[in-house]
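**Student:**
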Amino acid sequence: MSTSTSGIPFRENTVPALRDKILRAAMSNATETFAVKRTDAMAGLPVEEWREQASALRMHVLDNLSDYVDRFAENAARAGANVHRAKDSEAAREIVASVLKDHRIGRVVKSKSMVSEEIHLNGHLEKEGITVVETDLGEYIIQIAGEGPSHIIVPAIHKDRRQVGKLFAEKLGCDYSDDPAVLTKVAQKVLRREFLSAKAGISGANFAVADSGSIVLFTNEGNGRMCTTLPPLHIAVLSIEKIIPSLADLPKFIRLLPRSATGQMITSYLSVITGSRKPGESTGAQEMHIVLLDNGRSELVRGEYREMFKCVRCGACLNACPVYRMVGGHAYGSTYPGPMGIVLTALLEGMERAGSLLDATTLCGACGDVCPVKVPLPKLLRKLRESRVEQGLTPKLEQSAMAGFGKIVKSPMLFHLGQMAGHLFWPIATKLGHSAGLGRMPRPVAKTFRERVS
Amino acid sequence: MRVQLFATCLVDTMFPETGEAVMRLLRHFGVEVGYPAGQTCCGKPADSGGYSGESRKAAEHFISVFEKTDGPIVIPSGSCASMVKNHYPELFNHDPVMRQKAEVIASRTYELTQFLVHVLKAHEAGFSGSGKITYHASCQLTRELGVREEPLMLLRSLRGAEFVPLAHADRCCGFGGIFMAKLPELSMALADEKVDTILSSGADTVTGCDHGCLTNIADAIKRRGAAVRVKHIAAVLAEGLK
Numbered sequence: 000m001s002t003s004t005s006g007i008p009f010r011e012n013t014v015p016a017l018r019d020k021i022l023r024a025a026m027s028n029a030t031e032t033f034a035v036k037r038t039d040a041m042a043g044l045p046v047e048e049w050r051e052q053a054s055a056l057r058m059h060v061l062d063n064l065s066d067y068v069d070r071f072a073e074n075a076a077r078a079g080a081n082v083h084r085a086k087d088s089e090a091a092r093e094i095v096a097s098v099l100k101d102h103r104i105g106r107v108v109k110s111k112s113m114v115s116e117e118i119h120l121n122g123h124l125e126k127e128g129i130t131v132v133e134t135d136l137g138e139y140i141i142q143i144a145g146e147g148p149s150h151i152i153v154p155a156i157h158k159d160r161r162q163v164g165k166l167f168a169e170k171l172g173c174d175y176s177d178d179p180a181v182l183t184k185v186a187q188k189v190l191r192r193e194f195l196s197a198k199a200g201i202s203g204a205n206f207a208v209a210d211s212g213s214i215v216l217f218t219n220e221g222n223g224r225m226c227t228t229l230p231p232l233h234i235a236v237l238s239i240e241k242i243i244p245s246l247a248d249l250p251k252f253i254r255l256l257p258r259s260a261t262g263q264m265i266t267s268y269l270s271v272i273t274g275s276r277k278p279g280e281s282t283g284a285q286e287m288h289i290v291l292l293d294n295g296r297s298e299l300v301r302g303e304y305r306e307m308f309k310c311v312r313c314g315a316c317l318n319a320c321p322v323y324r325m326v327g328g329h330a331y332g333s334t335y336p337g338p339m340g341i342v343l344t345a346l347l348e349g350m351e352r353a354g355s356l357l358d359a360t361t362l363c364g365a366c367g368d369v370c371p372v373k374v375p376l377p378k379l380l381r382k383l384r385e386s387r388v389e390q391g392l393t394p395k396l397e398q399s400a401m402a403g404f405g406k407i408v409k410s411p412m413l414f415h416l417g418q419m420a421g422h423l424f425w426p427i428a429t430k431l432g433h434s435a436g437l438g439r440m441p442r443p444v445a446k447t448f449r450e451r452v453s
Numbered sequence: 000m001r002v003q004l005f006a007t008c009l010v011d012t013m014f015p016e017t018g019e020a021v022m023r024l025l026r027h028f029g030v031e032v033g034y035p036a037g038q039t040c041c042g043k044p045a046d047s048g049g050y051s052g053e054s055r056k057a058a059e060h061f062i063s064v065f066e067k068t069d070g071p072i073v074i075p076s077g078s079c080a081s082m083v084k085n086h087y088p089e090l091f092n093h094d095p096v097m098r099q100k101a102e103v104i105a106s107r108t109y110e111l112t113q114f115l116v117h118v119l120k121a122h123e124a125g126f127s128g129s130g131k132i133t134y135h136a137s138c139q140l141t142r143e144l145g146v147r148e149e150p151l152m153l154l155r156s157l158r159g160a161e162f163v164p165l166a167h168a169d170r171c172c173g174f175g176g177i178f179m180a181k182l183p184e185l186s187m188a189l190a191d192e193k194v195d196t197i198l199s200s201g202a203d204t205v206t207g208c209d210h211g212c213l214t215n216i217a218d219a220i221k222r223r224g225a226a227v228r229v230k231h232i233a234a235v236l237a238e239g240l241k
């Protein structure tokens with residue numbers, strides 16, 4: 000867990016985002032499209048029942064997590080994978096780097112993985128002299144743009160096709176085009192060369208299956224399957240809570256995850272990878288490593304925010320969040336943005352760093368409604384706000400105002416005095432710098448409703 | 000029938016005419032309306048800010064005032080009604096006596112349109128109205144109380160008025176209590192987006208069940224220089240009484 004104490008300046012980050020017309024339009028179009036597709040894909044189906052079942056299963060895993068981690072590790076090893084346990088980000092990065100260095104590998108292809116972002120893998124490998132080539136189209140775009148993902152499944156969601164066209168022309172030397180089909184071909188040509196020459200591939204995992212030791216990948220572009228089968232070495236990096244008990248449980252998530260994420264019935268590719276290539280098999284990496292990241296999760300799944308770890312990283316809560324869809328993911332200044340990101344960042348990186356993110360919610364509840372595994376996000380967000388108050392991390396002025404509120408709310412007389420003071424001093428109070436906040440409220444009346452009725 | 004009105008602090012302090020509209024509406028249906036004079040604020044601003052100590056004080060006060068009364072408690076606000084119905088009991092998870100009291104209070108509580116439709120069948124009464132009216136579905140009302148149809152049933156029943164649907168009606172307007180003061184730029188951007196949908200609806204009046212949202216929306220309409228009127232649903236309905 001990071002112990003950085005510099006707080007994320009969320010409000011400051013939102014100001015340029017709100018002025019960025021391209022970002023605003025791209026965010027609004029994309030989140031809208033996903034939300035509509037999601038609704039359509041779920042229409043007429045017993046989704047509530049599915050959510051209950053998926054939620055119960057995820058909770059069961061979390062309740063028995065250490066047993067499931069052991070069982071998964073044992074079965075993955077039996078299937079021929081080298082299983083590594085990483086206590087934190089640093090350990091996980093080191094493991095990946097040392098496996099690659101042992102094989103004298105200087106260039107690696109990678110499919111999309113949010114856990115690799117959480118452990119800041121690419122930066123570390125680059126420092127070790129290893130070039131990482133992102134092969135998911137969105138990840139490739141932001142990699143050459145020098146940015147991080149702004150959505151957990153649609154990393155370049157904030158960009159429009161004209162920006163991508165300019166970026167490709169500038170960085171890849173191709174002719175400018177803003178036709179997505181043309182741009183995809185450009186990337187495909189570059190990436191295909193990388194796949195064919197790569198000596199190692201890195202992936203994440205959407206799920207890990209305890210009783211078979213398999214990892215499961217839901218992908219749409221085929222790059223995930225290339226990264227995990229073409230190179231002779233495959234390293235999968237995943238966090239421990241991704242485990243499900245058995246392959247028989249997978250359909251519970253096949254029907255929910257793509258529908259929640261992109262509104263698809265199923266993703267284009269669904270890979271179940273069980274260990275390294277066996278004699279007689281024609282595909283698969285000859286050597287497979289699995290890095291199981293803990294990063295505080297063993298403890299956190301026993302705490303009061305445990306339900307957060309049911310999350311299957313579909314991104315539906317991001318698309319539903321009024322704040323996220325307005326400013327995009329970069330404003331959150333953290334690996335995971337949106338409602339799930341606020342909670343995870345507070346838990347993984349600490350309140351001093353993530354405190355300001357707790358302002359980034361209106362507690363409207365839209366996130367909780369769309370979550371396929373019923374993570375009670377609004378409840379967790381409110382609980383974290385309580386924790387921020389308990390830790391004394393809210394502004395002093397707010398603390399005094401709330402202490403004052405606690406006193407006057409119990410006393411009708413003080414409450415009435417407060418109303419009168421509000422009426423009298425409103426013109427001054429709104430001039431004192433709060434014109435954009437309180438100043439948008441009308442002035443308290445001279446004769447309150449209570450006075451009118453009594 | 001006798002009910003107790005919790006007017007809410009916003010109505011008491013800033014929108015007394017909404018409180019009067021609620022009184023007129025309820026009395027029109029032969030309901031006697033009590034107004035416990037000791038009432039203050041439900042504590043929602045403290046609660047959503049994470050100040051549970053302060054919101055508990057508000058809840059204790061509310062309970063002490065209303066437990067001395069009988070009958071349904073009617074609240075013209077989805078967020079305040081949800082505070083009382085859903086959050087009060089949780090605030091006393093560690094205090095069985097208070098939790099029991101909170102549950103009794105919660106079970107007596109209705110949001111205004113809930114009460115109008117389910118108890119008074121007001122949607123069958125035939126209010127009159129005029130113009131084109133659209134409706135913003137506020138967050139706690141919709142998602143915490145599950146009150147989605149009741150306001151629409153009432154608005155569609157207005158004779159002489161045309162109800163026009165609002166795109167993304169249940170998307171947050173950006174008020175969010177303390178949110179509007181802490182992230183004003185975002186709050187205003189969200190309200191601006193809400194105004195876009197209101198203007199596209201072609202309505203001349205926008206209504207809703209929460210003065211918090213309506214205030215935020217009214218401010219954005221004013222900034223836009225648009226001519227759309229903003230009215231609490233109690234005012235829309237009370238105007239239609241004969």
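If you're matching them up, the sequences are chains A and B in order.
Per numbering that gives the first Met the number 0, residue 0 is the first one in the first sequence, and the count goes up by one each step.
Per numbering that gives the first Met the number 0, residue 0 is the first one in the second sequence, and the count goes up by one each step.
Glycine is no exception: its CB is placed at the ideal position from the N, C-alpha and C atoms.
The structure presented is a predicted model; accordingly, all values stated were derived computationally and were not measured.
Hey, out of A/118, A/17, A/284, A/56, whose CA is closest to residue 80 of chain A's CA?
**Tutor:** If we check each option's Cα against that of residue 80 of chain A, A/284 comes out closest.
**Student:** In three-state terms, what does DSSP make of residue 12 of chain B?
**Tutor:** The answer is helix: DSSP assigns residue 12 of chain B an H, G or I state.
**Student:** Whole angstroms are fine: how far does the CA of residue 19 of chain A sit from the CA of residue 119 of chain B?
**Tutor:** Between residue 119 of chain B and residue 19 of chain A, the C-alpha separation is close to 50 Å.
**Student:** Grab me the residues of residue 130 of chain B's own chain with a C-beta within less than 7 Å of its C-beta, minus the 5 sequence neighbours each way, in chain order.
**Tutor:** Same-chain partners within the cutoff: 160, 203, 204.
**Student:** Under 9 Å Cβ-Cβ, which residues of chain B neighbour residue 326 of chain A?
**Tutor:** The contacting residues are 185, 188.
**Student:** Measuring alpha carbon to alpha carbon, tell me which residue in A/379, A/7, A/107, A/251 is nearest residue 195 of chain A.
**Tutor:** The residue with the shortest Cα to Cα distance from residue 195 of chain A is A/107.
**Student:** Kindly indicate if chain B contains any beta-carbon less than 8 Å away from that of residue 409 of chain A.
**Tutor:** Yes, residue 409 of chain A counts as interfacial toward chain B.
**Student:** Take every Cβ of the segment 196-216 of chain A, pair it with every Cβ of the segment 233-245 of chain A, and state whether three or more of those distances are shorter than 8 Å.
**Tutor:** Because the criterion of three Cβ pairs below 8 Å is met, the segment 196-216 of chain A and the segment 233-245 of chain A touch.
**Student:** Threshold first: 4 residues or longer. Then list the alpha helix (DSSP H) segments lying entirely within the segment 92-164 of chain B, N to C.
**Tutor:** The segment 92-164 of chain B contains these whole alpha helix (DSSP H) runs: 95-107, 148-155.
**Student:** With DSSP collapsed to three states, give me the class of residue 378 of chain A.
**Tutor:** If DSSP states are grouped into helix, strand and coil, residue 378 of chain A belongs with the helices.
**Student:** Can you give me the start and stop residues for the alpha helix (DSSP H) that residue 398 of chain A sits inside?
**Tutor:** Looking at the DSSP string, the run of the alpha helix (DSSP H) that includes residue 398 of chain A is 395-407.
**Student:** Compute the Euclidean distance between the alpha carbons of residue 399 of chain A and residue 383 of chain A, then round it to the nearest angstrom.
**Tutor:** In a straight line, the C-alpha of residue 399 of chain A is about 20 Å away from that of residue 383 of chain A.
**Student:** Could you tell me whether the Cβ of residue 414 of chain A comes closer than 8 Å to any Cβ of chain B?
**Tutor:** With 8 Å as the cut-off, residue 414 of chain A counts as an interface residue toward chain B.
**Student:** May I ask you to report which of helix, strand or coil DSSP gives residue 26 of chain A?
**Tutor:** Of the three classes helix, strand and coil, the one that applies to residue 26 of chain A here is helix, per DSSP.
**Student:** Compare the beta carbon distance of residue 50 of chain A and residue 444 of chain A with 8 Å and say whether it is the shorter of the two.
**Tutor:** Cβ distance not < 8 Å, so residue 50 of chain A and residue 444 of chain A don't count as in contact.
**Student:** Mind listing the chain B neighbours of residue 498 of chain A? Cutoff is C-beta to C-beta under 8 Å, in chain order.
**Tutor:** There is no way to answer for residue 498 of chain A, as the model of chain A reaches only from 0 to 453.
**Student:** So, for residue 88 of chain B: in the same chain, excluding its five sequence neighbours on each side, which residues have a beta-carbon less than 7 Å away from its beta-carbon?
**Tutor:** Cβ within range, chain order: 98, 101, 102, 105.
**Student:** For residue 191 of chain A and residue 245 of chain A, I'd like the C-alpha separation in whole angstroms.
**Tutor:** In a straight line, the C-alpha of residue 191 of chain A is about 34 Å away from that of residue 245 of chain A.
**Student:** Ordered along the chain, which non-local residues of its own chain (more than five positions away) have a Cβ less than 7 Å from that of residue 220 of chain A?
**Tutor:** For residue 220 of chain A, where only same-chain residues beyond five positions count, the Cβ hits under 7 Å are 135, 136.
**Student:** With DSSP as the reference, identify every bridge partner of residue 22 of chain B, one or two as the case may be.
**Tutor:** Answer is none; residue 22 of chain B lacks a bridge partner.
**Student:** Please find out if some non-hydrogen atom of the ligand FMN comes closer than 7 Å to the beta-carbon of residue 23 of chain A.
**Tutor:** Inclusion of the ligand FMN in the displayed structure is not the case, the ligand content being empty and no account of it being possible.
**Student:** So, for residue 3 of chain A: in the same chain, excluding its five sequence neighbours on each side, which residues have a beta-carbon less than 6 Å away from its beta-carbon?
**Tutor:** Because residue 3 of chain A carries a pLDDT of 48, less than 50, the predicted location of this residue cannot be relied on, and no value is offered for it.
**Student:** Among the candidates A/282, A/355, A/223, whose CA atom is the shortest distance from the CA of residue 267 of chain A?
**Tutor:** Ranking A/282, A/355, A/223 by Cα distance to residue 267 of chain A puts A/223 first.
**Student:** Going by other Cβ atoms of all chains shown within 10 Å of its Cβ, with 16 needed for buried, is residue 179 of chain A buried or exposed?
**Tutor:** That one is exposed.
**Student:** So, does the CB of residue 194 of chain A fall closer than 8 Å to a CB anywhere in chain B?
**Tutor:** So no, residue 194 of chain A is outside the interface.
**Student:** If you measure from the beta carbon of residue 453 of chain A to each beta carbon in chain B, is any gap under 8 Å?
**Tutor:** Judged by the 8 Å Cβ criterion, residue 453 of chain A is in contact with chain B.
**Student:** DSSP on residue 39 of chain B, reduced to helix/strand/coil?
**Tutor:** Coil.
**Student:** Closer than 7 Å by C-beta to residue 330 of chain A: which residues in its own chain qualify, once you throw out the five before and the five after it? Chain order, please.
**Tutor:** Once the five neighbours on either side are set aside, the close Cβ partners of residue 330 of chain A are 9, 12, 13, 16.
**Student:** What separation, rounded to the nearest whole angstrom, lies between the Cα atoms of residue 81 of chain B and residue 143 of chain B?
**Tutor:** Whole-angstrom Cα-Cα distance: 6 Å.
**Student:** Using a C-beta cutoff of 8 Å, does residue 424 of chain A count as contacting chain B?
**Tutor:** Judged by the 8 Å Cβ criterion, residue 424 of chain A is not in contact with chain B.
**Student:** According to the neighbour-count rule (16 or more other Cβ atoms, all chains shown, within 10 Å of its Cβ), is residue 145 of chain A buried or exposed?
**Tutor:** Counting Cβ neighbours within 10 Å, residue 145 of chain A comes out exposed, since fewer than 16 surround it.
**Student:** Given residue 1 of chain A, which residues of its chain have a CB within under 8 Å of its CB, disregarding the five upstream and five downstream residues?
**Tutor:** Confidence at residue 1 of chain A is low in this model, with a pLDDT of 42, below 50, so its placement is unreliable and the value that follows should be read with caution. The answer, listed in chain order, is 88, 347, 348, 349, 352.
**Student:** What number of angstroms, rounded off, separates the C-alpha of residue 102 of chain A from the C-alpha of residue 193 of chain A?
**Tutor:** Roughly 18 Å between the two C-alpha positions.
**Student:** Could you spell out the range, first to last residue, of the alpha helix (DSSP H) harbouring residue 123 of chain A?
**Tutor:** Taken as a continuous stretch (DSSP letters only), the alpha helix (DSSP H) holding residue 123 of chain A covers 120-126.
**Student:** Where does residue 350 of chain A sit, in a helix, a strand or coil, going by DSSP?
**Tutor:** Residue state, collapsed to three classes: helix.
**Student:** Does DSSP put residue 258 of chain A in a helix, in a strand, or in coil?
**Tutor:** DSSP places residue 258 of chain A in helix when its eight states are reduced to three.
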